[in-house]
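S.K.: Protein chains in written order, with our numbering: chain A, 1 to 648; chain B, 649 to 906.
Please find one structure pasted underneath; my questions will follow.
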């Protein structure tokens with residue numbers, strides 16, 4: 001079945017591939033677009049922008065989300081910004097440089113052609129967003145302002161205070177609302193996708209559960225677009241929203257879509273540290289803070305001890321006794337190294353006993369130098385809402401004392417395997433945004449998630465899906481009474497009834513926390529063969545316990561959040577297991593995937609390009625069977641492969 | 649810390665609701681309000697597991713409440729705590745409220761948003777679809793992705809962009825409606841109208857937008873604005889009522905042009 005793994009990357013020079021491809025693919029005429037139905041699942045940046053664009057083109061779009069309004073999708077929480085190669089700062093930025101930084105940032109595990117296209121369309125995103133009325137930050141002259149993010153040496157990030165994701169999502173949501181008003185898009189809030197329906201090998205619809213009433217419904221379409229985000233909540237504690245989950249993508253995997261690089265999960269260096277056992281959510285402090293904040297721990301262990309006992313305040317530690325370890329280790333990039341590098345460096349210091357906070361699991365992010373240099377007002381203007389948020393949560397004033405931060409799970413680079421057209425291995429099923437795997441390799445650079453979600457939704461999928469749909473113009477409306485729909489609905493109902501009937505002794509959250517602890521310990525910031533083998537069997541034990549001993553309160557025919565959580569946790573066991581299997585297979589360190597067996601004497605990641613320069617795409621083989629690994633080799637024709645270097 | 653909680657329980661939109669009293673113990677002061685609710689729910693689920701206890705008391709399962717990002721930006725959480733939307737304290741959503749803001753031993757009342765336009769779905773969960781409908785009536789700029797000028801072709805004075813951003817930080821939670829004695833959505837509508845009206849890109853449709861959104865708001869059963877300014881006081885994002893003045897100006901000038 002390896003022949004399914006064809007990336008369909010167009011021939012020709014890198015910079016001309018997308019233009020050439022657009023010229024080669026077919027389009028659908030306006031009167032035929034009206035006859036074609038498309039389902040979009042998810043309303044984050046990818047889903048909302050796709051639904052808006054497809055609606056504007058004239059297709060019949062049905063868009064689904066699990067929250068009470070499409071505007072609540074988790075893209076809303078992205079803080080820092082969105083990258084584009086505008087070169088407005090005249091700092092020698094270019095499409096090529098954005099492309100290069102992204103490939104390098106991803107530790108040479110993403111596709112050249114996809115990433116180049118992403119960089120190429122990035123500028124159009126900014127044009128469109130400004131036209132939508134998104135209030136990006138501006139200079140006094142009235143033109144757009146920029147800032148820097150980790151892993152780059154230019155200022156190419158556009159931002160709207162610390163709420164860029166919110167503003168971009170509200171822009172996409174507004175465009176979608178415009179289409180809802182026009183009648184091309186119909187919105188189904190509080191609907192959760194339970195299964196994908198395949199007829200004759202092609203995606204033809206979905207089964208959903210109405211979250212308010214519990215009703216199981218069927219929806220048919222000529223194509224299905226999945227934009228359901230990542231699976232970071234497998235760790236229980238993450239910066240993801242509470243309801244973010246991997247289940248929709250997972251059903252597609254179980255129906256035959258390959259799942260790529262599941263072990264690539266991003267651990268974000270600047271999150272507010274864990275404070276106790278009752279916590280259920282970690283809060284991110286935007287990477288943009290690293291533009292002006294300096295990261296340090298004490299040089300002396302006696303200062304660490306005094307800090308932990310509250311005998312001194314961090315501001316009392318003199319400059320010479322502070323270890324600005326990122327500036328020390330990575331002089332060229334300093335505090336703006338990529339996320340995976342910054343996270344591991346924090347862990348290294350904490351493991352060596354220099355961590356602060358009562359737990360010893362935190363480092364400082366200090367604005368003292370920046371406030372002295374720029375004044376408090378400038379810092380407030382740049383980061384005011386983040387400082388306010390930090391103070392609300394921790395009860396400590398970051399203008400006076402440094403913030404305390406620690407790495408936390410934030411984003412998953414892995415996801416459904418897609419070809420250059422963003423189509424999965426199931427014809428007619430597309431995956432966009434965080435839900436696919438294609439652009440970020442082993443590590444995503446800051447401010448690139450927003451860029452990718454919108455690039456996919458506004459400028460790539462609306463073109464490529466037309467090529468597929470041009471062959472469907474004579475296909476009638478999908479009949480949801482087809483036996484495939486019957487069967488999928490029956491299975492979904494059986495699963496719900498099974499979960500409700502277990503009536504064991506542990507709550508869904510208790511089991512989810514146990515899974516999260518296992519994942520963080522064995523498939524977190526450092527992984528090794530023994531641990532990965534251990535965790536695979538531990539996950540299996542926990543899954544068995546879940547199936548025998550979970551207690552799901554309530555019934556199906558009602559608003560039932562316990563049932564929602566149980567359905568998602570059911571799949572998180574599988575996702576966690578595949579992540580561990582993938583991590584075990586990948587005997588190299590690259591990006592966020594750190595195998596302790598594979599490191600340099602300085603503790604940096606050690607890739608094995610000879611054996612692992614491929615995308616690991618896993619194929620589901622049935623319950624209890626091992627998944628089959630397919631390899632898509634990565635070819636670098638335009639970039640010279642190198643050891644990632646942020647030191648000089 | 650220990651608390652007594654009086655929580656609104658309502659099975660669905662049709663049935664009548666009532667308050668139930670619960671006790672939670674040993675809550676750390678750094679616990680957020682929603683984490684405290686999670687703890688309560690775990691407790692209630694464990695009570696449900698014991699059939700004997702369920703037979704004795706009134707079994708109603710864990711408390712349903714909307715929540716998602718838990719960092720104050722998605723606008724999902726919507727609890728009316730001790731008579732205030734999002735509880736005591738200024739400029740916070742429920743998810744950013746911490747138990748250190750309450751007194752040990754305090755009795756805390758928790759209700760859903762109460763407004764004719766936001767029917768209760770279950771317990772503390774309401775249906776805010778009316779907000780989506782208002783935005784669908786005109787809260788957008790009609791453009792096509794293929795035909796937009798370069799981003800820097802439209803200079804916008806920083807001051808205007810900042811003001812637009814102030815208004816655009818609305819999270820659509822509905823606290824303004826819940827705080828208003830008339831159940832008016834004026835602050836919500838004004839925030840969207842203002843953020844677009846302040847920018848040159850928003851001007852071509854400004855008249856149509858203001859009229860359409862106000863008409864939809866009236867149609868959906870929101871009350872009138874009587875300038876009590878409770879909405880601004882309770883808004884977790886500090887959206888100013890000066891936006892309502894701007895909406896009124898936009899609306900009137902649009903009507904004059906008719």
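Backbone N, C-alpha and C fix where the C-beta goes; we use that ideal spot for every residue, glycine too.
Small disclaimer: the values here were computed from a predicted structure and weren't measured.
Expressed to the nearest angstrom, what Euclidean distance is found between the alpha-carbon atoms of residue 411 (chain A) and residue 231 (chain A)?
M.R.: Reading the first chain from its first residue, position 411 is the one you call residue 411 (chain A). Reading the first chain from its first residue, position 231 is the one you call residue 231 (chain A). Going by the C-alpha atoms only, they are around 8 Å apart.
S.K.: Please list, in chain order, the chain B residues whose beta carbon lies closer than 8 Å to that of residue 283 (chain A).
M.R.: Within the first chain, the letter at position 283 stands for residue 283 (chain A). Going along chain B in sequence order, the residues near residue 283 (chain A) (Cβ under 8 Å) are 718 and 719.
S.K.: Is there contact between the segment 282 to 298 of chain A and the segment 359 to 376 of chain A, where contact requires at least three CB pairs shorter than 8 Å?
M.R.: In short, these stretches touch, since the Cβ pair count reaches three.
S.K.: Does any residue of chain B have a CB that is nearer than 7 Å to the CB of residue 276 (chain A)?
M.R.: For the purposes of this step, residue 276 (chain A) is taken as the residue at position 276 of the first chain. Taking Cβ atoms only, chain B reaches closer than 7 Å to residue 276 (chain A), which makes this a yes.
S.K.: Distance, Cα to Cα, residue 18 (chain A) vs residue 117 (chain A)?
M.R.: As a first step, residue 18 (chain A) must be located in the first chain, where it is residue number 18. As a first step, residue 117 (chain A) must be located in the first chain, where it is residue number 117. Residue 18 (chain A) and residue 117 (chain A): Cα-Cα distance of roughly 6 Å.
S.K.: In terms of alpha-carbon separation, which member of A:184, A:238, A:210 and A:133 lies closest to residue 849 (chain B)?
M.R.: For this step, residue 849 (chain B) is matched to residue 201 along the second chain. That would be A:133, whose Cα lies nearest to the Cα of residue 849 (chain B).
S.K.: Scan the segment 218 to 235 of chain A for residues whose Cβ lies nearer than 8 Å to a Cβ of chain B and list them as they occur along the chain.
M.R.: Hits within the stretch: zero.
S.K.: How should residue 468 (chain A) be labelled, buried or exposed, when 16 other C-beta atoms within 10 angstroms of its C-beta is the threshold for buried?
M.R.: Your numbering for residue 468 (chain A) matches position 468 in the first chain. Under this definition residue 468 (chain A) is a buried residue.
S.K.: At what residue ranges does the segment 653 to 738 of chain B contain a whole run of the beta strand (DSSP E), taking only runs of 3 or more?
M.R.: Listed in chain order, they are 666 to 672 and 727 to 729.
S.K.: Which full runs of the alpha helix (DSSP H) of 4+ residues lie inside the segment 102 to 176 of chain A, going along the chain?
M.R.: List check, alpha helix (DSSP H) in window: 112 to 131.
S.K.: Which residues, in order along the segment 558 to 573 of chain A, keep a beta-carbon less than 9 Å from a beta-carbon of chain B?
M.R.: Residues 558, 559, 560, 561 and 562.
S.K.: Identify the contact partners of residue 480 (chain A) in chain B, using a Cβ-Cβ distance below 9 Å as the criterion.
M.R.: Here residue 480 (chain A) corresponds to residue number 480 of the first chain, with the count starting at 1. Correct list: empty, because the minimum Cβ distance to chain B is about 24 Å.
S.K.: Quick check: the segment 65 to 79 of chain A against the segment 498 to 507 of chain A, are there 3 or more CB pairs under 8 Å?
M.R.: Not touching, per the Cβ criterion.
S.K.: Relative to the C-alpha of residue 728 (chain B), which residue among B:676, B:655, B:868 and B:870 is closest?
M.R.: Residue 728 (chain B) sits at position 80 when you count from the first residue of the second chain. With distances taken between Cα atoms, residue 728 (chain B) lies closest to B:655.
S.K.: Please work out which residues of its chain come closer than 7 Å, Cβ to Cβ, to residue 187 (chain A), disregarding the five sequence neighbours upstream and downstream, and give them in chain order.
M.R.: For the purposes of this step, residue 187 (chain A) is taken as the residue at position 187 of the first chain. Here the set comprises 63, 70 and 180.
S.K.: What did DSSP end up calling residue 339 (chain A) once you bin it into helix, strand or coil?
M.R.: Working through the first chain from its first residue, we reach residue 339 (chain A) at position 339. Residue 339 (chain A) falls in the helix class under three-state DSSP.
S.K.: Could you confirm whether any beta carbon from chain A is found closer than 7 Å to the beta carbon of residue 752 (chain B)?
M.R.: For the purposes of this step, residue 752 (chain B) is taken as residue 104 along the second chain, with counting starting at 1. It does not: the Cβ of residue 752 (chain B) has no partner Cβ on chain A nearer than 7 Å.
S.K.: Please list, in chain order, all residues of the same chain as residue 51 (chain A) whose beta carbon is under 6 Å from its beta carbon, the five residues on each side excluded.
M.R.: To locate residue 51 (chain A), count along the first chain from 1; it is residue 51. Correct list, in chain order: 40, 61, 63, 176 and 185.
S.K.: I need the DSSP call for residue 203 (chain A), collapsed to helix, strand or coil.
M.R.: Mapped onto the first chain, residue 203 (chain A) falls at position 203. The answer is strand: DSSP assigns residue 203 (chain A) an E or B state.
S.K.: Would you kindly work out how many angstroms separate the C-alpha atoms of residue 256 (chain A) and residue 495 (chain A), rounded to a whole number?
M.R.: Here the question's residue 256 (chain A) lines up with position 256 in the first chain. Here the question's residue 495 (chain A) lines up with position 495 in the first chain. So the two alpha carbons sit approximately 19 Å from each other.
S.K.: Spell out the partners DSSP gives residue 530 (chain A) in its beta bridges.
M.R.: Counting from one through the first chain, the residue named residue 530 (chain A) turns up at place 530. Paired residue(s): none; residue 530 (chain A) is not in a bridge.
S.K.: Against chain B, with Cβ distances strictly below 7 Å, would residue 242 (chain A) count as a contact?
M.R.: Here residue 242 (chain A) refers to the residue found at position 242 of the first chain. It does; some Cβ of chain B falls within 7 Å.
S.K.: Are the Cβ atoms of residue 769 (chain B) and residue 546 (chain A) separated by less than 7 Å?
M.R.: Against the second chain, residue 769 (chain B) aligns to sequence position 121. Against the first chain, residue 546 (chain A) aligns to sequence position 546. No, these two residues do not count as a Cβ contact at 7 Å.
S.K.: Should residue 489 (chain A) and residue 207 (chain A) be called a contact, given that it needs their Cβ atoms to be closer than 7 Å?
M.R.: Your numbering for residue 489 (chain A) matches position 489 in the first chain. Your numbering for residue 207 (chain A) matches position 207 in the first chain. Against a cut-off of 7 Å, the Cβ pair of residue 207 (chain A) and residue 489 (chain A) comes out as a contact.
S.K.: Which residue marks the beginning of the beta strand (DSSP E) containing residue 458 (chain A), and which one marks its end?
M.R.: For the purposes of this step, residue 458 (chain A) is taken as the residue at position 458 of the first chain. Residue 458 (chain A) -> no beta strand (DSSP E), and no H or E assigned at all.
S.K.: Among the candidates B:837, B:811, B:847 and B:690, whose CA atom is the shortest distance from the CA of residue 672 (chain B)?
M.R.: Position 24 of the second chain, counting from 1, holds the residue named residue 672 (chain B). Of B:837, B:811, B:847 and B:690, the residue nearest in Cα terms is B:690.
S.K.: Can you find a C-beta in chain A that's less than 7 Å from the C-beta of residue 710 (chain B)?
M.R.: If you number the second chain from 1, residue 710 (chain B) lands on position 62. Cβ-Cβ to chain A under 7 Å: yes for residue 710 (chain B).
S.K.: If you measure beta-carbon to beta-carbon, which residues of the segment 736 to 764 of chain B are closer than 9 Å to chain E?
M.R.: No chain E is part of this structure, whose protein chains are labelled A and B.
S.K.: Mind checking residue 501 (chain A): buried by the 16 CB within 10 Å criterion, or exposed?
M.R.: Indexing the first chain from 1 puts residue 501 (chain A) at position 501. That one is exposed.
S.K.: Could you tell me whether the Cβ of residue 853 (chain B) comes closer than 7 Å to any Cβ of chain A?
M.R.: Looking up residue 853 (chain B) in the second chain gives position 205. No, no contact with chain A.
S.K.: What are the residues in the segment 677 to 693 of chain B lying within 7 Å of chain A by C-beta distance?
M.R.: Correct list: 678, 679, 683, 686, 687, 690 and 693.
S.K.: Between the C-alpha atoms of residue 220 (chain A) and residue 36 (chain A), what's the straight-line distance to the nearest angstrom?
M.R.: Within the first chain, numbered from 1, the residue matching residue 220 (chain A) stands at position 220. Within the first chain, numbered from 1, the residue matching residue 36 (chain A) stands at position 36. About 11 Å.
S.K.: Using 8 Å as the threshold, is the segment 816 to 832 of chain B in touch with the segment 147 to 155 of chain A, meaning 3 or more CB pairs across them?
M.R.: Output reads no: the segment 147 to 155 of chain A does not touch the segment 816 to 832 of chain B.
S.K.: Tell me whether residue 630 (chain A) sits in a helix, a strand or coil according to DSSP, three-state version.
M.R.: One-based indexing of the first chain puts residue 630 (chain A) at position 630. It is a strand residue.
S.K.: Should residue 537 (chain A) go down as buried or exposed, given a rule of 16 or more other Cβ atoms within 10 Å for buried?
M.R.: Walking along the first chain from the start, residue 537 (chain A) turns up at place 537. Residue 537 (chain A) should be labelled exposed.
S.K.: Measure from the C-beta of residue 661 (chain B) to each C-beta in chain A and report whether the shortest distance is under 7 Å.
M.R.: As a first step, residue 661 (chain B) is located in the second chain; it is residue number 13 there, counting from the start. No, because no Cβ of chain A sits closer than 7 Å to the Cβ of residue 661 (chain B).
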